[in-house]
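Peer 1: Residue numbers (our numbering): 14 to 200. Right, I'll just put the structure down here and ask away after.
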Amino acid sequence: MKTLAKLPKVTQLLLFLFLISVASSCKEEEKNKGSYLGSSQRDDISKLITETDIRTIFDLNKDIEIEHKEKKSAISSFDWKMPSEHKLFYGVKLNFARGDRRSASEIEKIWEFQNEKVYKKNGFQEVSGVGDIATWSKIGGGQLRVSNNGYIFFVSFFVTPNKDNPLSTDEMIDKTTALAQQVVKKM
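Here you go:
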């Protein structure tokens, strides 16, 4: 069996490049550990909003079937349909911005950047009564973005088909705010 020193220089170079690429991919994997599709993974994601919270806030009786899904401890979602003349499908999603707990100045920079680059185009408005700061926008049907205690999280709410949504914007804000208050309380 040949020793490493006896291998041709080209083979040594290829082996070296292979080892470097493996090492850097492991480093990249470690850097992204704890995130999924841009969302931070949390062990408690399914406990922050529960089926009971959904039933209470949306005034749903036990006959309404709610499907709960958790994706890689990063996204918790609830889906249900309402019996009516229009087939209306409702959905709520909770996810946290990627990254660990941040300082107030880091949150402020991120918040302003997001306002300028994303939310300004989507009709955002300030919302009071939840977290350190919160805004509502029309992203994905409706999204409440909340900063609380160094974390940024999102409660998204949509009804499809959107044209048949029986809820006003104010009602959607009230419901997502109530859900976000549960998240803040349980964090």
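Note that beta-carbon positions come from the ideal geometry of N, C-alpha and C, so glycine has one too.
#1: So which of W149, I67 and L61 has the shortest CA-CA distance to F109?
#2: Going by DSSP in three states, F126 sits in which element: helix, strand or coil?
#3: Restricting to runs no shorter than 4 residues, where is the alpha helix (DSSP H) found entirely within the stretch 89-145?
#4: Between the Cα of K151 and the Cα atoms of V168, T65, S59 and A87, which residue gives the shortest distance?
#5: Which residues mark the beginning and the end of the beta strand (DSSP E) in which K60 is found?
#6: Taking 8 angstroms as the cut-off, does the stretch 185-194 touch the stretch 143-157 (at least 3 CB pairs, one atom from each stretch)?
#7: Nearer than 7 angstroms: is that true of the beta carbon of D57 relative to any heavy atom of the ligand ADP?
#8: Ignore the nearest five residues each way along the sequence and tell me which others in A147's own chain have a CB closer than 8 angstroms to its CB.
#9: Apart from the five residues on each side of it in sequence, which residues of its chain come closer than 7 angstroms, Cβ to Cβ, to V143?
#10: What is the DSSP secondary structure of L192, reduced to helix, strand or coil?
Peer 2: So, from the listed chains and residues:
#1: The residue you call residue 109 lines up with position 96 of the sequence shown. In terms of Cα proximity to F109, the closest of W149, I67 and L61 is L61.
#2: The sequence position of residue 126 within the sequence shown is 113, counting from 1. Here F126 carries a helix assignment [DSSP, helix/strand/coil].
#3: Taking only runs of at least 4 residues, the alpha helix (DSSP H) segments lying wholly in the stretch 89-145 are 117-130.
#4: In the sequence shown, counting from the first residue as 1, residue 151 sits at position 138. It is V168 whose Cα lies nearest to the Cα of K151.
#5: The residue you call residue 60 lines up with position 47 of the sequence shown. Looking at the DSSP string, K60 is not in any beta strand (DSSP E); the run it does join, the alpha helix (DSSP H), is I58 to L61.
#6: Yes: at least three Cβ pairs fall under 8 angstroms.
#7: The ligand content of the structure shown is nil, which means the ligand ADP is not present either.
#8: On the sequence shown, residue 147 is found 134 positions in, with the first residue counted as 1. Within its own chain, the residues whose Cβ lies closer than 8 angstroms to the Cβ of A147, once the five positions on either side in sequence are excluded, are E139, V140, S141, L157, R158, V159, S160, T190 and A193, listed in chain order.
#9: Position 130 of the sequence shown, counting from 1, holds the residue named residue 143. Excluding five sequence positions before and after V143, the CB atoms of its chain that fall closer than 7 angstroms to its own CB belong to V159, T190, A193, Q194 and V197, given in chain order.
#10: To locate residue 192, count along the sequence shown from 1; it is residue 179. DSSP places L192 within a helical segment (H, G or I) once states are collapsed to three.
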